[in-house]
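One structure below.
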Amino acid sequence: MNYRLPVRAAALALAAALALTACGSGSASDSGASPSPTATAAPSPSAADVAAVAGIKIEGDAGAEPTLTFDAPLSVSTPTARLVDKGDGEPLQDGQNLSVHFVAFSGEDASRVGSTWQEGQGSTDQITLGDPSLGVINDVLTGQNVGARALVANPMTAQDGTVTTSIMLLEVAAAKTIPTRAEGEAVTPAEGLPTVTLDDSGKPSITIPEGYQAPTELVAQTLIKGSGPAVEATQSITAHYTGWKLDGTVFDSSWERGTPATFSLQQVIQGWTQGLAGQTVGSQVLLVIPASLAYGEAGASSHALAGETLVFVVDILDAN
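Each residue of the sequence shown is one higher than the last, beginning at 158 in this note's numbering.
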């Protein structure tokens, strides 16, 4: 998404909020894909947290950027959300791709961080309702309608240990039901590649051929050719995926979490950006990514997957 700098700062705040309750073995940094690791339930908000969010004043009609007024500094001890409007559009459904507007403020000094409404750009971010990593955002929007507005207060810890609270108002601008798996024309893969098998739901598994040599260049093999538009490297996509190391070990999977993930192709490892740009929506793609296009060679990075050749099967369900 092509936000200008102030809006990009707000987008980073939203990403932090979405990832807040996600703690566990997998992560965006593990796969280069979504902020959707195995989620761990956050503590319930305290009475003080609820009161702090309840005291935020919102001015302005739905459909336009609102003004938020509160006494700073404002802080919460755990992610805390409040439904502002339930919306009067179509009911939201689990698994839908939601286009959301948001405006973000600093709880420390009540300064406005940024907004998707800024300067009339009209850009929205994309989330998948039901994604476990949405945490309280997922909780507050479930059962609501298009047009729903929610306040989210999110404590964030900086590298120096300083904790600040980000405050956002989100509005659901649109909701789209997307397929649950790749759909299109089957493509016969080149010989010698890892073999992909799908179960009845579309969840993939792979078999690595005996003696398979890790490639030095990216392999992007289309397995199913979708009929949708071509994906651009600057877009966000919604996808189901699983990632393996060459020994067959799964290290990340949206299928295991039960919900597709939505993320920008500008915020992933190079192998994803290069391998998925140009593919069509509805496609399933096998990616075999050398370390140089993933997390670097062993010793050159502290990442747990440094030096690893990674294998992914990605179903491209939508692009925005």
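The beta carbon of each residue, even a glycine, is placed where N, CA and C say it ideally should be.
How many whole angstroms separate the CB atoms of residue i and residue j, which I take to be in contact at a CB cut-off of 8 Å?
i	j	result
T237	V207	6 Å
L249	L298	6 Å
L480	P447	With the chain covering only 158 through 477, there is no way to say anything about residue 480.
S440	G400	Rounded, the Cβ-Cβ distance is 17 Å, inconsistent with contact.
Kindly indicate which residue of the options has the alpha-carbon position closest to the one of residue i.
i	options	result
P366	K360, S358 and A347	A347
A434	G453, D472, V388 and V471	V388
K360	H397, A332 and A343	H397
D357	A377, S458 and A339	A339
S393	L355, W429 and G304	W429
Specify, as a first and last residue, the run of the alpha helix (DSSP H) that residue i falls within.
i	result
T466	No alpha helix (DSSP H) contains T466, which DSSP labels as neither H nor E.
S323	Not the alpha helix (DSSP H): S323 falls in the beta strand (DSSP E), residues V320 to K333.
S411	S411 to R414
Quick one: using the 10 Å Cβ neighbour count with 16 as the cut-off for buried, is residue i buried or exposed?
i	result
T373	exposed
S323	buried
V293	buried
G217	exposed
E465	buried
A343	exposed
S203	exposed
Taking 6 Å as the cut-off, is the beta-carbon of residue i closer than that to any non-hydrogen atom of the ligand ZN?
i	result
E389	Ligands in the displayed structure: none, and consequently the ligand ZN is not present.
Assuming residue i is part of the beta strand (DSSP E), what are its boundary residues?
i	result
R123	No information on residue 123 is available, as it lies outside the stretch 158 to 477 that the chain covers here.
V207	No beta strand (DSSP E) holds V207; the alpha helix (DSSP H) holding it covers A204 to A211.
T224	T224 to T226
S393	S393 to K402
Helix, strand or coil: how does DSSP classify residue i here?
i	result
P289	helix
S186	Only weak support is given to the placement of S186: the predicted model assigns it a pLDDT of 37, under 50, and the question is left unresolved by the model.
I294	helix
E367	coil
G432	helix
L169	In this predicted model, L169 has a pLDDT of only 43, less than 50, meaning its place in the structure is not dependable; the value taken from the coordinates is given anyway. L169: helix per DSSP, three-state reduction.
S449	helix
Q275	helix
Q427	helix
E247	coil
Taking only beta-carbon positions, decide if residue i is within less than 7 Å of chain B.
i	result
Q250	Checking the listed chains, one finds no chain B in this structure; it contains a single protein chain.
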